[in-house]
Structure formats: C-alpha cells, structure tokens
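Take the sequence shown: its position 66, counting from 1, is numbered 66 in UniProt numbering, and each next residue is one higher. Quick reminder that beta carbons are idealized off the backbone N, C-alpha and C, glycines included.
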Amino acid sequence: MTDIPSRLVVDCLTKSFPQPGRGRPDRQVLDGVSFTAEPGEFVAVIGPSGCGKSTVFTMLAGLDTPDSGSVRVGDDPATAGHCAYMPQKDLLFPWRSVLDNTALGLEVQGLSKQEARQRARELFPTFGLSGFEDARPSQLSGGMRQRAALLRTVVQNRDLLLLDEPFGALDSLTRTEMQSWLQSVWQRYRWTALMITHDIREAVFLSDRVIVLSARPATVVREVRVDLPRPRELSLVTAPEFVALEQELLEVLHEESRRALAEQDTEHRRP
C-alpha cells in the first residue's frame, strides 16, 4: 500500500444494463449508491442476492463505469491501479506453483519474475504458507488456497483491497478460522478493505462499519458502526452488544429481501 492511504469516496452511483428481448427497458441495478471508506478502515457491504454488490465492486476496481456518479480514491478517479481485487473463487492456476501464483499480479505490473517472486516470498510466513512455495494449488487445503489468493492480492501494494465473498466456498469451521486469521493480518498491516459478504455475523466480526444495500435498484439503506473492541475473540459473537448489531442488520436485510422477492414476482407477472 502507499505510505499514506487515501480515502475512498463512492458518490451517487447509478447503473443500468440492457435486458434480453426486443423493446424491453434497461434494468436499473444501482440507484444512487454513496458511502466512504477511511484510510485503514475495514468496511463490509451486505444486501439481498442480486442487488448489485458486485457491480459496485467492478466500478471500484475500475473495470466498469457508472451511468452517473463517481468513485474517487483521494483526489483521483478510481482506476484498476488503485485497487487489488480478490474475487469469490481463488482462481489459482493449477500448473503454476503457489509462489508463482502469488507473484503473478506483480509480473503483470511489469516486475521481473525474480523480483516478483522475492516480494511474494517475503509474505509467506505471515500468510501461513511457509514450506509450500513449490507446491501446486491442488496440494493445498481450501483455507490455504484462500490465503494464497489474498497474498497475491495484497502483495500488489494497492491503496484498497476489494474482497468479494472471500470465504463463501469454505466449510463452516474453516471459514471461522479464516475470519480470525484475516482479522489478525489486517490489524498488523491496516489495509483499507471492503468486503462483500452474505454472512451477517462475519460482517460484524470483521468490520468497523457495515453498509447495507437495498433490493435492486440498490441504494444505501443503513450504515451501522461496529464499536466493538479489537482484537475480537470468537466468544464475542454471544455478547449482548454483538447480538444486538447482528439482529439490527438481520431485520434490515430481511425487509430488503422481501422487497426483492416482491419485485421479482411483479416482473414475472408483466407481459
């Protein structure tokens, strides 16, 4: 990351996509999404399935442009150069070693293979991957694969980490272990991080703030600050203050999910 991380400002994003079929109007996905992320802050983004969370992330990563609104990192429009994006699947190449996989982003940026491998290798102890530099991804557990994918993301030295359901494919026990691990390495490096998740408990456990998007077309309907002490132990999830935050978010999300189902039903009834 840069020495002085920049503030992320998402300002009134709107986005529509064409629908298949002649004469059908464009489908609006985003309707004025606005929020911020302060330097070193961990922000979770939740919302009903299909509401547009990943669409927001593609714009943060500079991979798509909004119909209106803007995304800024500091004083600059967001581009692919500001963000490191970790998608839901680890996307490790099976024919490359773990070290070569984690160095790939740096090679794409133009670093020599030797320098890229050296920078990535330095993070292997922190990410619990020492001794697996020459292994193939098929030899790693699910949690180790996700740690390798996150290493590949953070070694790119970007202002902002975008984590799109990073633990969604893991079993419950491994997911819990990865949440604790991610918290520990985030506290060490204090990256500015945004994470999409469908797991409300995960959002509360990891984040400083939780942004709740509405049913499509998405807008921000709630912003909840998580003022819980760090480091957060797993026993915290049964504490009254944790349960209260979880319940508040669950109620908002259930209401938006009901709205999404009602909208889908209305669309299906249209000729």
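**Item:** For Leu99, the first and last residue of its enclosing alpha helix (DSSP H)
**Value:** The sequence position of residue 99 within the sequence shown is 99, counting from 1. Taken as a continuous stretch (DSSP letters only), the alpha helix (DSSP H) holding Leu99 covers 98-109.
**The beta strand (DSSP E) enclosing Arg232, as first and last residue numbers** = Position 232 of the sequence shown, counted from the start, is the residue given in the question as residue 232. Note, Arg232: premise wrong, no beta strand (DSSP E); not H, not E.
**Message:** Which runs of the alpha helix (DSSP H) at least 4 residues long sit entirely within the region 37-101? Give them in chain order.
**Reply:** 53-60
**Candidates Thr238, Leu213, Thr126, of which the one nearest Glu255 by Cα** = Translated into the one-based positions of the sequence shown, residue 255 becomes position 255. Residue Leu213 is the option with its Cα nearest to Glu255.
**Message:** Give me, in chain order, the residues of the same chain whose beta-carbon lies closer than 7 Å to that of Val29; leave out the 5 immediate sequence neighbours on both sides.
**Reply:** Locating residue 29 in the sequence shown gives position 29, counting from the first residue. Result list for Val29: Lys15, Ser16, Phe17, Gly52, Thr55, Arg216, Pro217, Ala218, in chain order.
**Item:** Per-residue DSSP class, three states only, for Met1
**Value:** Taking the sequence shown and counting its residues from 1, one reaches residue 1 at position 1. Residue placement at Met1 cannot be trusted, given a pLDDT of 45 that sits under 50; what the coordinates show is reported in the next sentence. Looking at Met1 - three-state DSSP - the assignment turns out to be coil, as it is neither helix nor strand.
**Item:** Simplified DSSP state of Gly32, which is helix, strand or coil
**Value:** The sequence position of residue 32 within the sequence shown is 32, counting from 1. In this structure, Gly32 counts as strand in the three-state DSSP scheme.
**Request:** Check whether the Cβ atoms of Ser97 and Asp134 lie closer than 7 Å to each other.
**Result:** Along the sequence shown, one-based indexing puts residue 97 at 97. Along the sequence shown, one-based indexing puts residue 134 at 134. In this structure, Asp134 lies closer than 7 Å to Ser97 by Cβ.
**Prompt:** Sorted by chain position, which residues of the same chain lie with C-beta nearer than 8 Å to Gln179's C-beta, five sequence neighbours on each side aside?
**Reply:** For the purposes of this step, residue 179 is taken as residue 179 along the sequence shown, with counting starting at 1. If we look at Gln179 and ignore the five residues flanking it on each side, its Cβ neighbours are Phe167, Glu202, Phe205, Leu206.
**Those runs of the beta strand (DSSP E) which lie wholly inside the region 116-190 and span at least 3 residues** = 160-164
**Item:** Segment contact, 8 Å Cβ cut-off, at least three pairs: the region 80-100 with the region 115-122
**Value:** yes
**Asked** Can you name the residues that DSSP bridges to Phe17?
**Response** For this step, residue 17 is matched to residue 17 along the sequence shown. In the DSSP output, where bridge partners are listed per residue, Phe17 has Arg27.
**For Thr197, three-class secondary structure by DSSP** = Position 197 of the sequence shown, counted from the start, is the residue given in the question as residue 197. Looking at Thr197 - three-state DSSP - the assignment turns out to be coil, as it is neither helix nor strand.
**Asked** Got a sec, what are the start and stop residues for the beta strand (DSSP E) Val220 sits in?
**Response** In the sequence shown, residue 220 corresponds to position 220, counting from 1. Taken as a continuous stretch (DSSP letters only), the beta strand (DSSP E) holding Val220 covers 220-225.
**Request:** Starting from the Cα of Asp90, find the closest Cα among Glu251, Arg152, Leu236, Arg7 and give me that residue.
**Result:** The residue you call residue 90 lines up with position 90 of the sequence shown. Of the listed residues, the one whose Cα sits closest to Asp90 is Arg152.
**Item:** Touch test, the region 125-139 against the region 106-116, Cβ-Cβ under 8 Å, three pairs minimum
**Value:** no
**Item:** Inter-residue CB distance, Gly74 and Arg158 (contact presumed, cutoff 8 Å)
**Value:** As a first step, residue 74 must be located in the sequence shown, where it is residue number 74. As a first step, residue 158 must be located in the sequence shown, where it is residue number 158. Contact doesn't hold; Cβ gap of about 13 Å is too wide.
**Asked** Below 7 Å between beta carbons: does that hold for Met59 and Pro66?
**Response** Indexing the sequence shown from 1 puts residue 59 at position 59. Indexing the sequence shown from 1 puts residue 66 at position 66. Yes. Within cutoff.
**Item:** Arg258 - DSSP class collapsed to helix/strand/coil
**Value:** Walking along the sequence shown from the start, residue 258 turns up at place 258. The answer is helix: DSSP assigns Arg258 an H, G or I state.
**Asked** By the 10 Å Cβ neighbour count, where 16 or more other Cβ atoms means buried, how is Leu250 classified, buried or exposed?
**Response** Along the sequence shown, read from residue 1 onward, the residue named residue 250 stands at position 250. Per the 10 Å Cβ criterion, exposed.
**Item:** Cα-Cα separation between Glu177 and Ser130, rounded to whole angstroms
**Value:** Here residue 177 refers to the residue found at position 177 of the sequence shown. Here residue 130 refers to the residue found at position 130 of the sequence shown. Each residue's alpha carbon lies about 18 Å from the other.
**Limits of the unbroken beta strand (DSSP E) element including Arg7** = To locate residue 7, count along the sequence shown from 1; it is residue 7. It is not in any beta strand (DSSP E) - Arg7 carries neither H nor E in the DSSP assignment.
**Message:** According to DSSP, Val243 sits in a beta bridge with which residue or residues?
**Reply:** As a position in the sequence shown, residue 243 is number 243, starting the count at 1. The partner list for Val243 (beta bridge, DSSP) is empty, contrary to what the question assumes.
**Request:** Between the Cα of Glu246 and those of Asp227, Arg258, Arg259, spot the shortest distance and give me the residue it belongs to.
**Result:** Along the sequence shown, one-based indexing puts residue 246 at 246. The shortest C-alpha separation from Glu246 is found at Asp227.
**Residue range of the unbroken beta strand (DSSP E) whose run includes Val237** = The residue you call residue 237 lines up with position 237 of the sequence shown. Run containing Val237: none; DSSP gives neither H nor E here.
**Message:** Excluding the 5 residues flanking Met195 on each side, which residues of the same chain have their C-beta closer than 6 Å to its C-beta?
**Reply:** What you label residue 195 is simply residue 195 of the sequence shown in a count that begins at 1. These residues qualify, in order along the chain: Ala44, Leu163.
**8 Å CB neighbourhood of Pro25 in its chain, flanking five on each side removed** = Sequence index remark: in the sequence shown, residue 25 carries index 25 (1-based). Counting only Cβ-Cβ distances below 8 Å, and skipping sequence neighbours, we find Gln19.
**Request:** Counting only the same chain and skipping the five closest in sequence on each side, list residues whose C-beta sits under 7 Å from that of Glu107.
**Result:** Position 107 of the sequence shown, counting from 1, holds the residue named residue 107. Cβ within range, chain order: Lys113, Ala116.
**Request:** Go through its chain and collect everything with a Cβ distance to Ala103's Cβ below 6 Å, but skip five positions before and after it.
**Result:** Here residue 103 refers to the residue found at position 103 when the sequence shown is read from its first residue. Same-chain partners within the cutoff: Ala116, Arg117, Ala120.
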